[in-house]
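Before any comments, here is the structure.
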Amino acid sequence: MDSKQADLDSVRSYAAEIPVSWLRCRELGHNWGPHSARVIEDGGFDRVLRCRRCPTKRYQVLDAFGRIVSNTYDYPDGYRMPPGRGRITGDGRGVLRVVSIRMGIEADQRRAVGRRDRGGV
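Listed below in structure tokens is the structure:
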């Protein structure tokens, strides 16, 4: 795992390269839904959650009382910052939020123009 902080220009270019749904997950967090589960030998559970916005999967091991023992994640290729470009923290997370908000505003404006062009309100 990369321990250095990503520079803000790298975060901006990364945010412009990934699908909008992935950007939303990077900004807001994943929207987890149940995918599968099974009982394991000690009475605990193995559970897989899938994000509803992106292809990320979360693998959980829970004990018999439902306490989380471990979480691991399977991210799609390209979801994380490229190796060597650092981790997105602090101001970098702010950059993701700003890019996501701007993309949302632009999409809303395009939809409004499309409705207007089709004679809608």
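Count along the sequence shown starting at 1, add 434, and that's the number in the working numbering. For each residue, glycine too, the CB sits at the ideal point set by N, CA and C.
Spatially closest choice to residue i from the options, by CA coordinates
i, options, result
"Arg-527", "Ser-455, Pro-453 and Leu-462", "Leu-462"
"Asp-441", "Asp-525, Ala-541, Glu-540 and Arg-545", "Asp-525"
"Val-495", "Val-529, Glu-475 and Gly-512", "Glu-475"
"Thr-506", "Tyr-493, Gly-512 and Arg-514", "Tyr-493"
"Ser-437", "His-464, Arg-519, Ala-471 and Gln-543", "Arg-519"
"Gln-439", "Pro-468, Pro-517, Arg-486 and Cys-485", "Pro-517"
8 Å Cβ cutoff met for residue i and residue j
i, j, result
"Val-533", "Arg-458", "no"
"Trp-466", "Cys-488", "no"
"Lys-491", "Asp-508", "yes"
"Gly-477", "Ala-449", "no"
"Val-454", "Ser-470", "no"
**OP:** For the stretch 505-525 and the stretch 537-546, state whether three or more C-beta atom pairs, one from each stretch, are separated by less than 8 Å.
**Re:** Short answer: they don't touch.
Subject >> In chain order, each beta strand (DSSP E) run of at least 3 residues that lies wholly inside the stretch 481-555 >> reply: List check, beta strand (DSSP E) in window: 491-496 and 502-508.
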